[in-house]
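Residue numbers for the sequence shown follow the UniProt record's numbering, so the first one is 1 and each next one is one higher.
Here a beta-carbon is modelled for each residue, glycine too, at the ideal position from N, C-alpha and C.
The structure appears below as structure tokens.
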Amino acid sequence: MNSFLNKKYDKPVLKKNQPDDSYKFQPLPAPTGNYPYHLDLESVQELNDRNKLAFHMLGDTGSIRNPDFQKLVVAEMIKQYQQTDGTGKEPMFLYHLGDIVYNFGEASQYKRQFFDPYQKYPGPIFAIPGNHDSDVNPDSRVSYRSLDPFKAVFCDKQPQTVSFSGGAERKSMTQPNVFWSLMTPVARIIGMYGNVTKFGVVTPDQRKWLLEELRSADADRPEKAIILCIHHAPYSADINHGSSLPMIQFFDGVFEQTGVRPDVVFSGHVHNYQRFSKRYFDGKTVPFIVAGGGGYDELHPVATTSDSRFTANNAAFNHVTLENYCDNKHGFLKVSLERTEKGIRITSEFYTLPHEKTIEPGMNAILADRFVIET
């Protein structure tokens, strides 16, 4: 009886009776760079080996209550920078999947929730916005528009000290837009923007851009992998959000129209780690990864099958399986890419903290999941 009550879902779920929050939608800010919104990694950072690339990835790091977990995660990522072995597999940068600042993306919160915790992180930090980064505090004493602070930190026209960083050494980034592509020798990392609503909204202009971006990226195969990122997780089995039908329908439609599917999809929004696999009609399987346990103090458990608030009965979940998850520890991803004779090998490793509150001397982050994709 107890084992039945505690059994977790092994498929995505929908959370029933969710309110319509489409009224929260915010207009997109103007881009700071030129179409098609590409940023060449080598214009930001020198690469020692153009056949290999490794980087960190996580989401949902900020917290208005307790920043301790974020600091522990950052400390473990810094250790991986220091544990280089000369093989070219050391991380080069961090790619943030959104929700950097809670709850309303205010400039006044960036020092405490971003610049201070990442003060010693040695690499560049790229990002896509999350719903909290995009929201606007109606009670703010300072008037601002959606994503104004995010743009000042990540979408500047040139690197400079951010006025609200508290004089931090980390300068602003020069991403060309809030949706954009990071161009590397081994992959195109496409970053989408899902707006403020709980389940995400993608504008027609951004959809048109993605259609062109996927077709262009497909022409680079097999020399480059296609990695797709968005804050709102299409598939999830957690108790806070559940899956996003708008995101599932959006991506299914784009993939069908272009005939192009990415090699892997990364997202945050849900505060845990989940790895789904989706098998398509042609037999190809695409991993959908949720990596939103990057530091926000409250984690989201995977739902139990006995919980009547959720259902897995939806055709959108056909051929989608939850392969692995970690819903009780914070953590981060290390993604490694290496050129092979046939294409690109993508290795994704999820690391958790050895302890949630205190880390004993000499202990390192624990490898909790690992998977490999051959493109």
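How would you label Val101, buried or exposed, when you count the other beta carbons within 10 angstroms and need 16 or more for buried? buried
Distance CB(Asn272)-CB(Gly253) smaller than 8 Å: no
Would a C-beta distance cut-off of 8 Å place residue 376 and Leu28 closer than the cut-off? Because the chain is modelled from 1 through 375, residue 376 falls outside the range shown and cannot be assessed.
Member of Val153, Lys52, Lys198 whose CA lies at the smallest distance from the CA of Ser244: Lys198
Near Asp220, what residues of its chain come up, given a Cβ to Cβ distance below 7 Å and the 5 sequence neighbours on each side ignored? Arg188
So what's Ser163 in DSSP terms, helix, strand or just coil? coil
Do you know how far the Cα of Thr347 is from the Cα of Glu374? 9 Å
Less than 8 Å between the CB atoms is what I'm expecting for Ala233 and Val290, so what's the real figure, rounded? 5 Å
So, does the CB of Gly200 fall closer than 8 Å to a CB anywhere in chain D? Among the chains in the structure shown there is no chain D, since it carries only a single protein chain.
Endpoints, the beta strand (DSSP E) within which Ala219 is located: Per DSSP, Ala219 belongs to no beta strand (DSSP E); it is in the alpha helix (DSSP H), 204–219.
In angstroms with no decimal places, state the Cα-to-Cα distance between Ala316 and Gln206. 23 Å
I'd like to confirm the pairing. Which residues does DSSP put opposite Thr285 in its beta bridges? Arg279
Contact between the stretch 39–59 and the stretch 173–182 is defined here as three or more beta-carbon pairs at a separation below 8 Å; is this criterion met? yes
Taking only runs of the beta strand (DSSP E) that begin and end inside the stretch 283–348, which ones reach a length of at least 3 residues, in chain order? 285–291, 320–326, 331–339
Among the residues of its own chain, which have a CB less than 7 Å from the CB of Met183, if the five just before and after it don't count? His38, Leu39, Asp40, Leu41
Distance check for Asn195 and Thr311, CA to CA, integer angstroms please. 25 Å
Are at least three pairs of beta-carbons, each pair with one atom in the stretch 333–349 and one in the stretch 45–65, less than 8 Å apart? yes
Secondary structure of Thr352, DSSP reduced to three states: strand
Tell me, please, which residues DSSP counts as bridged to Gly191. Trp180, Cys229
May I ask you to verify whether the stretch 9–17 touches the stretch 137–156, counting CB pairs closer than 8 Å and requiring at least 3? no
For a quick check, are the C-beta atoms of Ser73 and Gly295 less than 8 Å apart? Reading the sequence as shown, one finds Val at residue 73 and not Ser. A contact, by the Cβ cut-off of 8 Å.
Sheet register partners of Tyr273 (DSSP bridge): Ala291, Cys326
Whole-Å CB distance - Arg275 paired with Tyr351, under 8 Å assumed: Not confirmed; about 14 Å, so no contact.
Residue range of the beta strand (DSSP E) that includes Ile78: First-last for Ile78: 68–82, but that is the alpha helix (DSSP H), not the beta strand (DSSP E).
Is it the case that the Cβ atoms of Gly123 and Tyr81 are separated by a distance below 8 Å? yes
By Cβ distance, which residues of its chain are closer than 6 Å to Thr258, with the 5 residues on each side in sequence left out? Leu211, Leu214, Arg215
Under 8 Å Cβ to Cβ from Asn34, same chain only, skipping five residues before and after it: list those, please. Pro176
How many whole angstroms separate the CB atoms of residue 391 and Gln26, which I take to be in contact at a CB cut-off of 8 Å? The structure shown does not extend to residue 391, since the chain is modelled only from 1 to 375, so the question has no answer here.
If I measure Cβ to Cβ from Arg261 and keep anything under 6 Å in the same chain, skipping five residues before and after, which residues do I get? Phe255, Val286
Three-state secondary structure assigned by DSSP to Asp156: coil
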